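See below for the structure under consideration.
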Amino acid sequence: MKPKNLDECVELARKKETFTFNNVFSDFRPESNFTNSPPRYVVFSYGYHYPMYVYDYEACQWYGNKDKSTPTTTRHMKRFEPYSVAQWVDTDTLNRIATSGIVNATAHRME
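Take any residue in the sequence shown, count from 1 to its spot, add 1108: that is its number in our numbering.
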């Protein structure tokens, strides 16, 4: 189903279903090459370089981007904010979580 408006996208994001609408979209990041962890669900604004939120199925938690962004992305972030965000992290860390999961992202930070 192709969403007709941003409200439908928000509902799809809450269900962790993929969507594309104008400049906001979601995707499942593939399994990591390093672990057998499941893929992560990621909501992006204006491209893969700026994840707004990542759901890690292994941790069963949402992670959010704390970095400042454009006014439009800030509006997207408010609309798409999950009911519960476990931790707010910078863009680089959120990209690591999206790519390899929270366990590997945490291990990378400790090295």
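Beta carbons are placed, not taken as given, at the ideal position from N, Cα and C, and that holds for glycine.
Since we're looking at a predicted model, the values are computed, not measured.
Proximity winner among the options, relative to residue i (alpha-carbon distances)
i     : options                       : result
K1123 : Y1163, P1138, P1159 and N1130 : Y1163
V1197 : T1126, F1129, W1170 and T1180 : W1170
A1206 : S1177, T1182 and S1134        : S1134
K1174 : A1194, A1167 and Y1156        : A1194
L1202 : C1168, Y1161, P1179 and V1118 : Y1161
T1182 : A1167, Y1158, E1116 and C1168 : Y1158
Paired residues, beta bridge with residue i - DSSP
i     : result
S1153 : V1132
N1212 : Partner(s): none; N1212 has no beta bridge.
R1229 : Residue 1229 is absent from the structure shown; the chain starts at 1109 and stops at 1219.
Rounded separation between residue i and residue j - CA only
i     : j     : result
S1192 : T1214 : 20 Å
G1172 : T1199 : 9 Å
K1186 : K1110 : 22 Å
I1210 : Y1149 : 12 Å
R1137 : E1125 : 13 Å
Pair within 7 Å by beta-carbon distance, residue i and residue j
i     : j     : result
Y1165 : P1190 : no
H1184 : S1153 : yes
L1120 : F1127 : yes
Boundaries of the alpha helix (DSSP H) in which residue i is found, first to last residue
i     : result
D1115 : L1114 to R1122
R1179 : Rather than Arg, the amino acid found at residue 1179 in this sequence is Pro. That run of the alpha helix (DSSP H) goes P1179 to F1188.
Residue i at chain D interface by Cβ criterion, 7 Å
i     : result
A1121 : Absent from the structure is chain D; it holds one protein chain and no more.
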